[in-house]
Every structure is written in C-alpha cells, then in structure tokens.
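Colleague:
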Amino acid sequence: MPEFEGESCWEQEEVAAKPSSSRRTRDFGATRIGVSHNGLAEVSASLQTMSRLAAALAVALLTFCRAAGAATLDVDVRDASGKPVADAAIYAMPSSGPTEAKPGKAVEIQQIDREFVPYLTVVQTGTKATFPNRDPILHHVYSFSPAKSFEMKLYRGRSPSEVVFDKPGVVTLGCNIHDWMIGYVLIVSTSHFGTTDATGSAHLRDLPAGSYEVQAWHPRLRDAVAPVSVSLEAGSVRALTFTLEVAPRKAKYPPPLDRLKY
Ligand SMILES: [Cu+2]
C-alpha cells in the first residue's frame with residue numbers, strides 16, 4: 001500500500017507547512033545570493049545545507065502526518081471457535097466523499113511450485129497485474145469471472161501480457177494444466193485494505209481521519225458478514241474483530257513435486 005495516500009493528510013501537511021517553508025525558502029535565497037560571488041565552493045556548500053534542511057523538514061512533516069493525520073485499524077479475524085483466520089481481506093470504504101481515483105502500483109501474481117502466490121491478492125479498482133511464471137514448466141492462467149475474464153496461454157517466465165482489474169468484484173484464477181491451482185483477486189474501490197496473516201491479523205495504516213465502512217471477505221466465506229461502521233479520529237488506533245465462518249480448503253492436493261514433469 002502506498003505510504004501516504006490520504007488526501008486529507010497531505011492537505012493538513014500543506015496547511016501546517018506553508019508559513020515556515022516559505023519563510024525558510026526566502027532565507028535560503030538570501031544566503032545563496034550573499035555568498036554566490038565568493039565562489040562555486042560556497043554556493044555548493046549553501047546548496048548542501050539547503051538540501052539537508054529540506055530533508056529534515058520533509059521528515060518532520062511526515063512524522064507530523066503520521067502522528068496527527070493518520071489513523072490505524074488493527075483487525076483480528078477469527079472463526080467461531082476462536083481460531084485465527086488467514087487470507088481474509090479487510091477493506092475500509094470512506095462513508096462520504098470521493099473514493100480515491102488513483103489505483104495502486106501494479107501487482108505480481110506469481111506461479112511458484114504449481115500454486116498461485118499469493119493465494120489472495122487485494123487491489124484497488126484500476127490496478128494492473130502481471131502473472132510471472134517462476135516454475136520451469138508451462139502454466140496456462142485463466143479467469144472466467146465476470147469482474148475480469150482473461151487467458152494467458154501456455155507460457156513460462158515473464159507474464160505474456162498484463163491485466164487491468166477495472167471493476168470491483170472477485171476474480172477466481174485457475175490453470176488449464178494444473179487443475180488444483182486456484183487463486184483469488186478481490187478488487188475494491190478504496191486504497192485502504194489488507195489481508196490477514198497466519199495469526200488472523202491485518203493492519204490498515206495511514207487512514208485519513210473520517211468515517212468508514214469496514215468490510216471483511218474471504219475466498220471460502222460461508223456467509224457474508226455485515227460491514228462495521230467506524231469513525232476514526234486523527235492519530236487514533238482502533239482495534240476491530242471479525243468472526244468469519246470459512247470452509248476448509250478443498251483437499252485437492254497437487255501430485256508430488258517433480259518440477260520438470262507435470
Ligand atoms: Cu499450471
């Protein structure tokens with residue numbers, strides 16, 4: 001996830017930064033003009049001082065943004081018996097105002113040891129994906145899902161093309177050669193999302209203060225769960241728990257690994 005994508009965060013930063021940064025810029029200008037006739041070395045030293053001060057200012061602003069502008073959601077996902085649920089998607093939709101139009105950077109969904117890695121990928125609408133095959137054998141990746149259907153016929157190595165996930169929904173990935181291979185892409189219209197790890201934890205950081213509908217989803221979810229409304233204050237950390245009933249992964253195991261054969 002991009003480090004600082006909250007627009008309100010940057011807005012606050014600009015408001016806070018303007019008086020001091022413009023004043024400092026004028027100071028730098030005066031210093032530079034004052035020494036410039038004394039030679040290049042001094043100009044260079046002056047520029048170095050400027051860049052050091054600019055870097056320090058940037059760090060201070062980022063720290064300010066984290067502390068004052070951004071909220072964090074710590075999400076814990078368990079099943080009814082209290083066991084952690086891995087591979088759950090958590091995403092926060094802003095309750096009002098526009099959702100961010102800019103998609104995240106391109107993602108890679110690899111094929112490694114005849115499995116899709118990662119098993120679940122969450123992306124913002126509009127994100128590009130490539131499907132590099134890291135195995136020494138051929139794969140044939142496809143999706144018949146309405147959210148995005150595509151096919152990449154028998155290939156090895158680099159992804160033969162890229163796919164743009166241009167509408168929200170769920171995409172189920174398969175391989176025409178290895179029918180146990182299955183992977184998922186969840187496409188959401190927000191940049192605030194995460195997936196749970198083996199301990200059932202996901203962390204959504206750098207959320208601009210505001211109200212959100214937080215939703216949980218899993219590829220093997222038995223019943224959809226209602227979103228949770230949260231109101232996040234600047235700098236706050238909120239813990240949330242979801243209980244999901246998830247079907248066991250189908251026991252469709254690959255045959256013993258002999259990478260040069262099937
Ligand atoms: Cu395959």
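Each residue of the sequence shown is one higher than the one before, starting from 1 at the first, in my numbering. Every residue gets a Cβ at the ideal spot worked out from N, C-alpha and C, and that includes glycine.
Distance, Cα to Cα, glutamate 245 vs leucine 221?
Modeller: If you take the alpha carbons of glutamate 245 and leucine 221, they lie about 6 Å apart.
Colleague: Output needed for asparagine 38: all residues of its chain with C-beta closer than 8 Å, excluding positions within five of it in sequence on either side, in chain order.
Modeller: Model confidence at asparagine 38 stands at a pLDDT of 47, short of 50, so the residue's coordinates are unreliable and nothing is read from them.
Colleague: Since I believe aspartate 87 is in contact with threonine 196 (beta carbons under 8 Å), could you give me their beta-carbon distance rounded to a whole number of angstroms?
Modeller: Between aspartate 87 and threonine 196 the Cβ distance is about 7 Å, and since that is below 8 Å, they are a contact.
Colleague: Using a C-beta cutoff of 8 Å, does arginine 205 count as contacting chain D?
Modeller: The chain inventory of the structure shown lacks chain D, comprising one protein chain alone.
Colleague: Please name the residue, chosen from Pro94, Val228, His139 and Ala198, that lies closest to proline 84 on a Cα-to-Cα basis.
Modeller: Ranking the options by Cα distance to proline 84, first place goes to Ala198.
Colleague: Is isoleucine 109 near ligand 1, going by C-beta to nearest heavy atom under 7 Å?
Modeller: No, since every heavy atom of ligand 1 falls outside the 7 Å radius drawn around the Cβ of isoleucine 109.
Colleague: Can you list, in chain order, the stretches of the alpha helix (DSSP H) that have 4 or more residues and sit fully within the region 97 to 137?
Modeller: As far as the region 97 to 137 is concerned, it has no whole alpha helix (DSSP H) run of at least 4 residues.
Colleague: Determine the DSSP secondary structure at glycine 183, reduced to helix, strand or coil.
Modeller: Of the three classes helix, strand and coil, the one that applies to glycine 183 here is strand, per DSSP.
Colleague: In terms of alpha-carbon separation, which member of Thr125, Ala239, Gln124 and Glu108 lies closest to proline 118?
Modeller: Per the Cα distances, Glu108.
Colleague: Mapping the DSSP letters down to three states, classify glycine 69 as helix, strand or coil.
Modeller: Note: glycine 69 maps to helix in three-state DSSP.
Colleague: Note down the Cα distance separating arginine 156 from arginine 114, rounded to an integer number of angstroms.
Modeller: Taking the straight line joining both Cα atoms gives about 12 Å.
Colleague: As a quick exercise: from Val123, Ile137, Thr190 and Ile182, pick the residue whose alpha carbon is nearest that of serine 143.
Modeller: Comparing Cα-Cα distances from serine 143 to each of Val123, Ile137, Thr190 and Ile182, the minimum goes to Ile182.
Colleague: May I ask whether a heavy atom of ligand 2 can be found less than 7 Å away from the beta carbon of isoleucine 177?
Modeller: This structure does not include ligand 2; its bound ligands are ligand 1.
Colleague: CB-CB under 6 Å to lysine 128, same chain, minus the five flanking residues each way: which ones, in chain order?
Modeller: Result list for lysine 128: Ala106, Glu162 and Val164, in chain order.
Colleague: Compute the minimum distance between the beta carbon of arginine 134 and the heavy atoms of ligand 1, and state whether it is under 7 Å.
Modeller: For ligand 1, not one heavy atom lies less than 7 Å from the Cβ of arginine 134.
Colleague: Could you spell out the range, first to last residue, of the beta strand (DSSP E) harbouring arginine 205?
Modeller: Start and end: 201 to 208.
Colleague: To which residues does DSSP link alanine 95 through a beta bridge?
Modeller: Per the sequence shown, residue 95 should be read as serine rather than alanine. According to DSSP, serine 95 bridges with nothing at all.
Colleague: Indicate the three-state DSSP secondary structure (helix, strand or coil) for aspartate 166 in the structure shown.
Modeller: If DSSP states are grouped into helix, strand and coil, aspartate 166 belongs with coil.
Colleague: Measure the Cβ-Cβ separation of isoleucine 90 and leucine 186 and say whether it is below 8 Å.
Modeller: Not closer than 8 Å, so no.
Colleague: What does DSSP give as the partner residue(s) for glutamate 245 in the beta ladder?
Modeller: In DSSP, glutamate 245 forms no bridge with anything.
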